[in-house]
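Asks: What follows is a single structure, and I will ask about it in a moment.
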Amino acid sequence: MCQLEIKIKLSTKYIAMKKVGFILLFSLIMTGLAFAQKPAMEFQKTEHNFGTIKEEIGAVTTQFTFKNTGDAPIIIQRVSSSCGCTTPSYTRQPILPGKEGTISAQYSTVRRPGTFNKTIRVYTNIPDTVYVLTIKGNVTPKK
4 MCQLEIKIKL STKYIAMKKV GFILLFSLIM TGLAFAQKPA MEFQKTEHNF GTIKEEIGAV
64 TTQFTFKNTG DAPIIIQRVS SSCGCTTPSY TRQPILPGKE GTISAQYSTV RRPGTFNKTI
124 RVYTNIPDTV YVLTIKGNVT PKK
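Under my numbering, the first residue of the sequence shown is numbered 4, with each subsequent residue one higher.
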């Protein structure tokens with residue numbers, strides 16, 4: 004084998020090894036990014052019992068406070084209630100890591116005597132996760 008052929012073979016192997024090294028490095032970086040910054044939230048409570056309330060009150064409200072325990076901002080995309088008698092509201096701006104946000108739930112007692120058990124669904128930028136909050140109580144009718 005001549006010296007030129009040896010240099011070509013070594014050069015080809017060197018290029019192939021560089022490609023493999025680059026692919027491995029790229030894979031490691033992408034894996035690291037996939038496990039990097041993820042939002043996570045933790046509620047102080049997920050259920051509120053109003054107890055016995057009078058219909059003439061008109062409406063009762065509670066707040067569910069949560070904390071961003073992840074390392075990326077949480078964005079609440081939407082909040083929905085199980086019925087029109089419950090009106091949710093929520094923190095609209097992104098919640099930064101370590102900060103807190105709130106979901107409020109107002110229940111209308113008008114013409115709704117009896118027990119109730121309603122849910123509020125919270126959709127965020129956390130993949131494949133829907134948080135369910137519950138309010139319940141007993142409304143005594145007007146006399």
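Here a beta-carbon is modelled for each residue, glycine too, at the ideal position from N, C-alpha and C.
Mind listing, in chain order, the continuous alpha helix (DSSP H) runs of no fewer than 4 residues lying wholly within the segment 93-117?
Replies: Runs found: none.
Asks: Short of 7 Å in beta carbon distance, which residues of its chain neighbour Ser92, apart from the five on each side in sequence? Order them along the chain.
Replies: Ser107.
Asks: Give a yes or no on whether the C-beta atoms belonging to Glu160 and Phe67 are separated by under 8 Å.
Replies: Nothing about residue 160 can be reported from this structure: the residues present for the chain run from 4 to 146 only.
Asks: Please identify the residue among Thr55, Glu58, Gly101 and Arg95 whose C-alpha is closest to the C-alpha of Val82.
Replies: The shortest Cα separation from Val82 among Thr55, Glu58, Gly101 and Arg95 belongs to Arg95.
Asks: Use the C-beta contact count for Thr118: other C-beta atoms within 10 angstroms, 16 or more gives buried, fewer gives exposed.
Replies: Exposed, by the Cβ-count rule.
Asks: Rounded C-beta distance between Gly73 and Val113? I'm assuming under 8 Å.
Replies: No, Gly73 and Val113 are not in contact; Cβ-Cβ is about 40 Å, not under 8 Å.
Asks: How would you label Gly140, buried or exposed, when you count the other beta carbons within 10 angstroms and need 16 or more for buried?
Replies: The residue in question, Gly140, is buried, as its Cβ has 16 or more Cβ neighbours within 10 Å.
Asks: Could you give the distance in angstroms between the alpha-carbon of Asp131 and the alpha-carbon of Cys86?
Replies: Going by the C-alpha atoms only, they are around 23 Å apart.
Asks: Does the beta-carbon distance from Val133 to Arg115 come in below 8 Å?
Replies: Not in contact: Val133 and Arg115 (Cβ atoms no closer than 8 Å).
Asks: Look up Leu36 in the DSSP assignment and say whether it is helix, strand or coil.
Replies: Caution is warranted here: a pLDDT of 49 is assigned to Leu36, below 50, making its placement in the model unreliable, and the coordinate value is therefore given only provisionally. It is helical.
Asks: Could you name the residues of the same chain whose beta carbon sits closer than 8 Å to that of Glu50, not counting the 5 residues immediately before and after it, in chain order?
Replies: Contacts found: Leu136, Thr137, Ile138 and Lys139.
Asks: What does a CB cutoff of less than 8 Å around Leu36 pick up in its chain, not counting 5 residues either side in sequence?
Replies: Only weak support is given to the placement of Leu36: the predicted model assigns it a pLDDT of 49, under 50, and the value that follows is read from those uncertain coordinates. Once the five neighbours on either side are set aside, Leu36 has no close Cβ partner at all.
Asks: Rounded to whole angstroms, how far is the Cβ of Thr127 from the Cβ of Ile79, which I believe are closer than 8 Å?
Replies: Between Ile79 and Thr127 the Cβ distance is about 5 Å, and since that is below 8 Å, they are a contact.
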